[in-house]
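J.:
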Amino acid sequence: MYDTDATPDGPDLLDLLQETGFTPCEEQPAGRPGAVMFDRDRLRMILDDGHVEIHVFGPDPARILRWSVTFSPATPLLVIINVLHGAGVPVAVPDMP
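If you read the sequence shown in my numbering, its first letter stands for residue 172, the second for the next number, and so on.
(1) Alpha carbon to alpha carbon, how far is valine 264 from aspartate 231? Give it in angstroms, no decimals.
(2) Taking the C-alpha atoms as reference points, what is the distance between leucine 184 and proline 244?
(3) Tell whether a beta-carbon distance below 9 Å holds between threonine 191 and valine 262.
(4) Within 10 angstroms of its Cβ, does leucine 187 collect 16 or more other Cβ (buried), or is it exposed?
(5) Does DSSP put isoleucine 235 in a helix, in a strand, or in coil?
(6) Of the choices Gly257, His256, Ile225, Arg234, whose alpha-carbon is the least far from that of phenylalanine 242?
(7) Output the distance between the C-alpha atoms of asparagine 253 and glycine 259, rounded to the nearest integer angstrom.
(8) Rounded to whole angstroms, what's the CA-CA distance from glutamate 198 to glycine 205? Just pull it up for me.
(9) For threonine 175, which three-state DSSP category applies?
(10) Does glutamate 197 come out as helix, strand or coil in the three-state DSSP assignment?
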């Protein structure tokens with residue numbers, strides 16, 4: 172469901188999150204029972220029905236939202252990787268079949 176890549180044998184977004192140090196959150200966003208959240212440092216990613224959201228927060232203790240972006244299910248994985256790079260996450264570009 173969270174492949175976001177047109178190639179069925181391509182890397183999966185969930186694998187990418189785990190490889191880059193994102194950890195699943197126990198909580199869910201309010202009013203979105205099917206959503207899954209992942210945190211890494213000052214970033215939060217929310218996966219909900221194929222849509223991907225990236226939220227970047229300022230430093231603790233305030234954690235004020237700096238910026239966020241939402242991707243549609245048709246967004247190529249490489250676009251999401253480029254945004255993660257811009258947010259400071261060292262993501263290796265996966266081998267594409």
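For every residue, glycine included, the Cβ atom is placed at its ideal position computed from N, Cα and C.
T.: Reading off the structure:
(1) 30 Å
(2) 11 Å
(3) Going by C-beta atoms, threonine 191 is nearer than 9 Å to valine 262.
(4) Buried, since its Cβ has 16 or more Cβ neighbours within 10 Å.
(5) Residue state, collapsed to three classes: coil.
(6) Ile225
(7) In a straight line, the C-alpha of asparagine 253 is about 10 Å away from that of glycine 259.
(8) 11 Å
(9) Annotation note: pLDDT 47 at threonine 175 (below 50); position unreliable, coordinate value reported separately. Shown here, threonine 175 sits in coil according to DSSP, grouped into three states, outside any helix or strand.
(10) DSSP places glutamate 197 in coil when its eight states are reduced to three.
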